Each structure stands twice: as C-alpha cells, then as structure tokens.
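Residue numbers (the numbering used here): 374 to 960.
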C-alpha cells in the first residue's frame with residue numbers, strides 16, 4: 374500500500390518535472406466555435422463548420438476551465454434553432470431564417486467535466502440536436518490548483534493533459550489517453566490511513582512528512598508506460614529533489630497535501646471507455662425476397678414462421694426488445710399463386726416470454742389463422758388455408774394486446790400472384806413502415822422497453838422503415854441502376870398510422886392502389902396512401918442517377934427516423950435533369 378501511494382505521488386511529480394523542463398505556458402486561451410444546423414438521415418443535428426470540428430455531427434467542444442468561449446450558430450435550414458448551455462444559463466438568440474446567425478460568449482465553469490449543449494427550440498434536442506462541451510485543457514488547470522500552488526508552474530505542469538510521464542487521471546481531467554478515472558479519497562486521507570496501518574515502515578509522523586518521504590525515495594522513481602507512448606523512459610533519475618529548490622519542493626508537498634477529496638484516480642490502470650449500447654441486427658434487407666414464381670399448377674406451399682423475442686439495435690446507442698417473425702423486421706416475404714394451399718407452421722421460440730400467433734390477411738377464415746395459432750413458448754401450431762384472392766396482403770401477430778405485438782415488430786407481407794404471374798421488372802424491393810412506442814424519448818440511448826400508455830395514446834417515439842432508424846439509409850439502402858424498372862412492395866404494419874408513401878425525386882409510373890393487383894393501376898402518381906394493415910405495389914423506371922429518399926410525406930416523421938435511400942447508379946441524363954448540387958438539401 375505504501376508503495377502504491379508513493380508511486381502515485383511520484384508519477385504526478387514526474388509529469389510536472391518534464392513539463393517544467395519544456396517551459397510550457399499555462400495561460401488560458403479563448404476559443405471560438407462555429408456550428409450550423411443540418412438534417413442527416415432523418416435526424417436534426419448540429420454540424421461543425423470551423424477548424425477541428427468541421428464536418429462533425431454534434432461535435433464535442435472543449436475549453437479550459439475559467440476561460441472564455443464564443444459559439445456561433447448559423448441556421449442551415451429545417452426550422453428555427455438556438456444553442457443553449459443550461460449549466461451556465463446562456464444561449465444564442467433564435468435563428469429563424471436560413472443563413473441567419475447568432476453568437477453567445479460566456480465564461481466556462483472552473484470545474485472540470487462535461488457541460489451539455491442543445492437546441493431548446495421545440496423538440497429539436499430530442500430529435501438529435503445536442504452535444505457536449507468538455508471543460509478540460511492541456512494548457513490550463515482549475516483555479517483551485519492555481520490557488521493552492523500559488524501559481525507555481527512546476528505544480529501546474531503535473532496536470533497538463535497528456536503530460537509526459539503522467540498516465541494517471543485526475544478527477545474530471547482526462548489523462549494522456551482521454552480517460553477520466555473514478556474517485557478516491559484524497560492523498561492526505563490515504564496517507565493518514567497508511568501512517569496508522571501496520572504495513573507502514575517509514576519514519577514520517579505527519580501527512581506532509583509522508584508525502585515528502587515518498588518524493589525523496591529514489592527506489593520509487595519508476596514511470597508507467599503510457600498507451601500513447603507519451604511517457605518518458607520507464608526508469609527516471611534517482612533523485613528528483615536534486616532538480617528542485619527547497620521552496621519548490623515545499624510548494625509541491627503543500628499542494629499535494631491540500632488536494633480535495635476525489636483528486637486522484639483509484640488505480641494506475643487506464644480504464645477502457647464504455648462501449649455504446651448495441652444489439653442484434655433486426656433489419657430486413659429490402660432485397661431479401663423470393664424471385665417471381667415460374668408458371669405452374671396450384672400446389673401446397675409450406676410457410677415456416679418462428680416468433681423470436683430479441684434485443685435489437687433500434688438506433689446508434691439504443692436497443693429495443695423486439696418481437697419478431699424469424700428474427701427480423703418485417704417478417705419474411707412470402708410468395709404464392711392463386712389457388713395454392715398454404716400450410717402454416719407457427720413456432721414460438723423457447724426463450725419467448727409471451728404467447729404469439731399469426732393472422733394472414735390473405736386467408737379466408739376466422740382470425741386469418743390467429744384462432745388456430747395462439748402458440749405458447751416452445752410450442753408449434755399448424756393450419757392450412759387456400760389462397761382465394763390475388764393481391765399483396767399484410768400478416769401480423771394477433772395475440773392480445775394485438776397492437777402491442779404489432780408495434781414490437783410482428784408484421785410482414787405475403788403476395789398472392791395471379792395465374793400468369795406479374796409482369797417482369799428488373800428489380801423488386803420489400804419495405805414496411807412501423808411505429809415504436811419506447812419508454813425513453815426519441816434519441817435517448819441505452820436499452821428501451823415498450824410504453825403501453827404511449828401506445829394507447831397513439832404517441833410513438835419512432836417511425837421506421839424495416840425496423841430501425843437508418844435501416845434503409847446507412848445500413849441497407851435500396852440499390853439499382855439507371856434504365857432499370859423497379860417494383861416496391863410496400864406495406865404498413867403500424868399499428869396506428871397511415872402512410873403517405875412517396876419517393877422524393879421520382880414519380881410512380883404505376884400504383885396498384887390498396888394492393889389491388891387485378892384491376893388497372895393508377896398512373897403517374899406522386900404520393901399514395903397506405904393504411905395500417907394495408908399495402909401497395911408501385912413500379913417506376915429509373916431515368917437519372919442519384920440518391921432518392923423514401924419518405925412518408927407526413928414529413929414530421931422524418932425527424933423520428935422515417936427515411937430510406939434508393940441509390941441509383943449510372944450515366945447522367947442532362948436532357949432530363951441538369952444542375953449544380955447545393956449544400957443543405959439533405960439529399
């Protein structure tokens with residue numbers, strides 16, 4: 374124990390010794406940051422546009438304790454905004470028009486740690502506009518240190534961020550690798566406890582003598598090896614006292630003896646940063662669907678479904694307890710033809726906590742099969758039904774409370790093709806829209822459970838395509854080529870909201886309204902309504918390259934995660950579309 378505390382003191386002194394040799398200046402330096410607002414993948418964010426934060430979403434700002442910082446906000450569009458720093462009760466003026474800017478200048482807290490900033494207008498903070506100001510610096514120490522040490526630069530140098538020879542983290546101050554250590558009693562308390570213990574064999578009778586004894590012990594001048602390589606060689610000069618005057622040594626002893634509780638890390642080990650909350654991939658790839666059926670006579674088609682409850686990835690840093698068919702949202706896409714008999718095997722995984730079932734809107738019979746498939750965990754149910762109607766139909770779990778099972782992810786589509794099949798296209802995609810009613814607000818990280826009150830009030834936190842935020846943007850976008858004709862099978866699991874399905878920058882050549890495939894399609898349609906528990910089939914030819922955004926044109930839902938990308942590659946067609954892209958469009 375004695376060696377540990379001596380080692381702790383001497384490691385700090387090692388840092389101050391080397392910093393003193395470098396002649397580092399420790400005067401505060403004012404900083405200025407410029408941010409704008411942007412829409413990224415359905416989220417509102419602050420975007421850095423100056424110096425080291427350029428291009429970074431919701432950048433982490435940094436400033437020295439007690440210094441002055443100026444933050445400027447430029448409105449990039451998408452509504453009115455401000456930047457608020459609640460801990461110091463300051464904010465910019467609200468910028469209302471695109472291009473308008475406002476600044477705020479304030480003195481940063483003298484306490485090391487984190488200060489939150491966010492957009493206080495409307496619910497923009499919940500939609501993603503928030504970040505952190507780190508109060509910490511490589512050049513400046515807290516005022517408490519300065520007052521205790523009487524401004525001695527050698528004492529101040531011991532605590533510079535990333536100082537050579539110092540791999541310890543002072544409370545609230547990142548060390549050489551940016552890790553903040555947990556709290557421990559101050560050195561004086563630790564020294565006092567050690568002085569009274571049976572393990573102490575030295576001659577000190579006071580904490581100041583104990584600290585001085587530690588400093589002057591040549592056998593303990595061993596520095597740890599820093600992960601960044603910033604530390605000095607492992608073995609240091611035998612007597613640091615030889616490089617210090619008596620006044621400097623006394624100043625250091627007085628300073629170390631007077632540090633407040635929590636000033637030292639609990640150990641010399643560098644703690645690993647906490648990993649963000651992660652879960653299983655539950656996103657159904659929009660290209661994951663069976664090929665069109667070859668001409669054939671009616672037959673029996675076996676459909677295998679398994680209810681699987683899984684902690685899945687809802688958004689960055691956020692997980693959710695999904696209830697799924699076959700481990701993904703939506704469930705598998707099934708393809709049969711008119712006159713086929715479907716033989717449904719409904720299993721419920723042994724790990725499930727709930728009974729589950731399935732209701733096929735394509736089935737003629739009580740409950741669409743739900744009355745025959747109320748299946749307990751570890752059990753299996755079977756029923757058969759004849760496909761009597763052509764169309765694109767939703768299926769979903771129908772175990773009470775039905776809305777709860779659907780909102781948790783238990784929905785999918787089944788296509789009943791006409792006898793001759795559908796007209797051929799180059800590519801087909803499978804997309805479904807749903808809502809999630811989470812216990813935490815939109816964007817809140819960590820694991821989220823479902824909230825029944827929000828569900829009953831029809832007040833979702835998330836709107837999603839294929840199960841998760843970013844499912845069809847950053848994760849599994851739709852991809853095609855110029856000149857191809859594509860078909861999108863689109864359905865709404867819901868359970869509550871109608872979708873105004875739209876692809877920005879495209880016009881549907883054909884829309885099979887309400888998924889009626891036997892009548893004439895609507896042509897040249899911009900946006901089509903799809904109710905919960907309903908579906909549609911749209912077809913269009915791709916004329917120009919680019920990124921086309923799938924949305925529900927109830928566009929506020931874009932801010933709650935509802936967006937997808939159709940990425941089209943191929944030669945430009947300037948005779949159809951020509952211009953110079955401008956920033957801020959979100960496309």
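Ideal Cβ placement from N, Cα and C applies to all residues, glycine included.
Bear in mind that the values here come from a model prediction, so they are computed numbers and not experimental data.
Task: Range covered by the alpha helix (DSSP H) that runs through residue 780 - done: It spans 775 to 780 - the alpha helix (DSSP H) in which residue 780 sits, taken as one unbroken run.
- [ ] Take the Cβ of residue 949 as the centre, count every other Cβ of all protein chains shown within 10 Å, and call the residue buried at 16 or more, exposed below.
- [x] Exposed is the call here.
- [ ] List the residues that DSSP assigns as beta-bridge partners of residue 721.
- [x] Checking the DSSP bridge columns, you'll see residue 721 partnered with 680.
Task: Every unbroken beta strand (DSSP E) inside the segment 737 to 803 [3 residues or more] - done: If you keep only unbroken beta strand (DSSP E) runs of at least 3 residues inside the segment 737 to 803, you get 753 to 759, 764 to 769 and 784 to 790.
TODO: Identify the continuous beta strand (DSSP E) that holds residue 446 and give its terminal residues.
DONE: For residue 446, the enclosing beta strand (DSSP E) stretches over residues 441 to 447.
- [ ] Report buried or exposed for residue 664, applying the criterion of at least 16 other Cβ atoms within 10 angstroms of its Cβ.
- [x] It is exposed - the Cβ of residue 664 has fewer than 16 other Cβ atoms within 10 Å.
Open item on the list: Can you check which of these residues, 697, 675, 652 and 448, is closest to residue 687 by C-alpha distance?
Closed with: Checking every option, the nearest Cα to that of residue 687 belongs to 652.
Open item on the list: Distance check for residue 426 and residue 657, CA to CA, integer angstroms please.
Closed with: Distance between the alpha carbons of residue 657 and residue 426: 35 Å.
Open item on the list: Could you check whether residue 779 and residue 718 sit closer than 8 Å to each other, using their CB atoms as the reference points?
Closed with: No.
- [ ] Would you tell me roughly how many angstroms separate the C-alpha atoms of residue 786 and residue 864, rounded to the nearest one?
- [x] The alpha-carbon atoms of residue 786 and residue 864 are separated by roughly 7 Å.
Task: Helix, strand or coil at residue 411 according to DSSP, with G and I counted as helix - done: Of the three classes helix, strand and coil, the one that applies to residue 411 here is strand, per DSSP.
Open item on the list: Considering only their Cβ atoms, is the gap separating residue 801 from residue 862 smaller than 8 Å?
Closed with: In this structure, residue 862 places its C-beta atom within 8 Å of the C-beta atom of residue 801.
Open item on the list: Mapping the DSSP letters down to three states, classify residue 975 as helix, strand or coil.
Closed with: Beyond the ends of the chain as shown, which are 374 and 960, falls residue 975; an answer cannot be given.
Open item on the list: Does residue 429 come out as helix, strand or coil in the three-state DSSP assignment?
Closed with: The answer is coil: DSSP assigns residue 429 none of H, G, I, E or B.
Open item on the list: Quick test of the definition: if touching needs 3 or more C-beta pairs under 8 Å, does the segment 837 to 850 touch the segment 883 to 902?
Closed with: When C-beta atoms of the segment 837 to 850 are compared with those of the segment 883 to 902, fewer than three pairs fall below 8 Å, so the two segments do not count as touching.
Open item on the list: Suppose contacts are defined by Cβ-Cβ distances below 8 Å. Is residue 819 in contact with residue 694 by that definition?
Closed with: In terms of Cβ geometry, residue 819 and residue 694 do not form a close pair [threshold 8 Å].
TODO: Use the C-beta contact count for residue 469: other C-beta atoms within 10 angstroms, 16 or more gives buried, fewer gives exposed.
DONE: Under a 10 Å Cβ-count criterion, residue 469 is classified as exposed, with fewer than 16 other Cβ atoms of the shown protein chains found around its own Cβ.
Open item on the list: Whole angstroms are fine: how far does the CA of residue 767 sit from the CA of residue 703?
Closed with: Rounded to whole angstroms, residue 703 to residue 767 spans 10 Å at the Cα level.
Open item on the list: Determine whether the beta carbon atoms of residue 488 and residue 433 lie at a separation below 8 Å.
Closed with: For residue 488 and residue 433, no; Cβs fall outside 8 Å.
- [ ] To the nearest angstrom, report how far apart residue 952 and residue 446 are at their CA atoms.
- [x] Per the coordinates, the alpha-carbon of residue 952 lies some 29 Å from the alpha-carbon of residue 446.
Task: Alpha-carbon spacing of residue 814 relative to residue 499, whole angstroms - done: Cα to Cα, the separation comes out at about 7 Å.
TODO: Using the Cα positions of residue 418 and residue 789, report the straight-line distance between them to the nearest angstrom.
DONE: The C-alpha of residue 789 is placed about 43 Å away from the C-alpha of residue 418.
Open item on the list: Considering Cα atoms alone, identify which of 431, 696, 684 and 735 is closest to residue 711.
Closed with: It is 735 whose Cα lies nearest to the Cα of residue 711.
Task: Inter-residue Cα distance where the pair is residue 493 and residue 684 - done: If I take the Cα positions, the gap works out to 32 Å.
TODO: Tell whether a beta-carbon distance below 8 Å holds between residue 760 and residue 798.
DONE: No. Outside cutoff.
- [ ] Buried or exposed for residue 713, please, with buried defined as at least 16 other CB atoms from any protein chain shown within 10 angstroms of its CB.
- [x] So residue 713 ends up on the buried side.
- [ ] Flag this pair as touching only if the segment 724 to 733 and the segment 905 to 921 have three or more C-beta atom pairs under 8 Å; answer yes or no.
- [x] Judged by Cβ distances under 8 Å, the segment 724 to 733 makes no contact with the segment 905 to 921, as fewer than three pairs qualify.
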